[in-house]
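Numbering (my numbering), first residue to last: 22 to 581.
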């Protein structure tokens, strides 16, 4: 249903039945001008059809961690499957590049991505620096036109998916994580993308209705402080009737039932003295909301006073709902000392269960929000809390702790000739030639190292000793005897080759892959503080070739 919604929103799509990009702004013009100026220069020089290979990768893991989650692949495939410049776009390019020859624009109007090949690590995988997330091969001018859109589609997607996964790791598997970031995201596209990729990274639901429609993500929401403060008192409630959950009877005055329960709570022995008079306008808001949503009543309890009003009022409404066969969903805390308030609320719930024999009331769901992030959740864990679900927005979707991932798109081969990009900063030196990439697993089942080899080198074999070398540091090397070998790159767009094309998985399949990979990684690589770096290596043959090419391409200085 979600796929159908997305297809309806974006058109049926083109190549291979692949839908158009989710965002209609993702067109061939969503690029930097220099991609078109280079394309013209290639065309003018007669090089536009030269066969080029580019690697898309990143240089450093984000957020001070030692892992990244790959996101954005599906949108890249959607883009190239539907890549075609329209007549209107060609007209605009003519006006932007008035000195270019007419033949160039005729060339632009003819191109698509039918001769492009894309090999990629499956979306949702744990990935590491230097290892290509994607290898893109095809006519050099066309591939250059893909650079900026691909980077735009992968950079934020991978960053926010990683941010979500880090929040999942610190919260633990038992907690529900709710993404509440739409209003704080960097515009509508940032909000939609954040909801999608946070779900992929381990969140359970979003408040974003459009994301629910487009991607089938579970949506959640309650009410705001404005709803609570909009009520003046119980007289605001006009229709007070509520049918029982099974329809067998009807309560003509649900408000009176709530008031009776509030009086009973106040007089209960174990709760006597914990509160006096609650705010009746808040009680009216809770009662009204329960009448509207008796099957999913969840109240925001901090508009006035959590323990002296919000929680007692909620409990009165929840107990009245119970009389009618319904079960309240819980409360949300949006301010204050969340550790203390959640613990005190849990005590109150348990007292209600014991006092009135309401089995399970003590386990009522407690959701916390209010500018939460990795650090605050970690602090809550250390203090001790009773929160069951976290609603996280600003720090999650804006990736407040790190602005960008920094993916790059580098030429590594042209016309079968390996190319290298050199730099005085060794982290910016590229790894030349078209490569194959593998993940080697040890005896305990954890990944030990990723290794890149030349395209024609034999694949690593289980049980066979293999030398793994750091790409640039001569002294860092180790022998590995893998117990399992996983080839990382799959063909997602075969171009004119006979390679079978990998099907694009559903968002739930990608989410499951991500959760599975987080479980497969060694815990010391995933911890928040001082994580152990994961090893990324090259084969001995590729190491020798890198340094041969480096010496061959680097100018030799001369001392005077």
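Glycine is no exception: its CB is placed at the ideal position from the N, C-alpha and C atoms.
In this text, all values refer to a predicted model and were calculated from it rather than measured experimentally.
Check	Outcome
CB contact flag (residue 484, residue 137, <8 Å)	no
Distance, residue 565 Cα to residue 240 Cα	53 Å
Beta-carbon contacts of residue 250 that lie in its chain and below 7 Å, excluding the five residues immediately before and after	324
Contact the segment 63-81 vs the segment 432-439: 3+ CB pairs below 8 Å	yes
Sub-8 Å separation of residue 337 and residue 282 beta-carbons	yes
As assigned by DSSP and simplified to three states, the class of residue 405	coil
Classification of residue 327 by the beta-carbon crowding that lies within 10 angstroms, buried from 16 upward	buried
Beta-carbon gap between residue 340 and residue 305 smaller than 8 Å	no
Cβ neighbour criterion (16 or more within 10 Å) applied to residue 192	buried
Three CB pairs or more closer than 8 Å across the segment 134-148 and the segment 502-514	yes
Length at least 3, wholly inside the segment 155-224: the beta strand (DSSP E) runs in chain order	155-160, 197-200
DSSP beta-bridge partners of residue 462	468, 505
Residue 55 (DSSP reduced to helix, strand or coil)	helix
Residue 76 - DSSP class collapsed to helix/strand/coil	strand
Continuous alpha helix (DSSP H) stretch holding residue 413: start and end	First-last for residue 413: 410-413, but that is the beta strand (DSSP E), not the alpha helix (DSSP H).
Presumed contact (8 Å Cβ cut-off) between residue 162 and residue 55, rounded CB distance	Between residue 55 and residue 162 the Cβ distance is about 13 Å, and since that is not below 8 Å, they are no contact.
Sequence ranges, beta strand (DSSP E) only - wholly within the segment 506-531, length at least 3	511-514
Where the alpha helix (DSSP H) containing residue 562 begins and where it ends	561-574
Under the three-state DSSP convention, the category residue 119 falls into	coil
Contact the segment 412-421 vs the segment 196-210: 3+ CB pairs below 8 Å	yes
Cβ-based neighbour list, residue 585, same chain, cut-off 7 Å, excluding 5 preceding and 5 following	Outside the shown range of the chain (22 to 581) lies residue 585, about which nothing can therefore be said.
DSSP state of residue 552 mapped onto helix, strand, coil	coil
Residue closest to residue 257, alpha-carbon to alpha-carbon, out of 301, 215, 267, 269	301
Residue 490 burial status per 10 Å Cβ neighbour count (16 or more: buried)	buried
Three-state class that DSSP yields for residue 371 in the structure shown	helix
Local Cβ density within 10 Å of residue 83, reported as buried at 16 or more and exposed below that	buried
With 16 other Cβ atoms within 10 Å as the buried cut-off, status of residue 615	The question about residue 615 has no answer, for the chain in this structure spans 22 to 581.
Collapsed DSSP secondary structure at residue 38 in the structure displayed	helix
Given 8 Å, three or more beta-carbon pairs between the segment 213-222 and the segment 171-190	yes
Per-residue burial, residue 614 [other beta carbons within 10 Å of its own, 16 or more giving buried]	Absent from the structure is residue 614, since the part of the chain shown begins at 22 and ends at 581.
Beta-carbon proximity check, residue 388 vs residue 360, cutoff 8 Å	no
DSSP beta-bridge partners of residue 227	200, 240
Where residue 351 falls: helix, strand or coil (DSSP)	strand
Burial state of residue 394, where buried means 16 or more other Cβ atoms lie within 10 Å	buried
Backbone CA spacing between residue 25 and residue 235 [nearest angstrom]	Because residue 25 sits at a pLDDT of 48, beneath the cut-off of 50, its placement in the model cannot be relied upon, and the point is left open.
Extent of the continuous beta strand (DSSP E) to which residue 304 belongs	Run containing residue 304: none in the beta strand (DSSP E); it sits in the alpha helix (DSSP H), 301-313.
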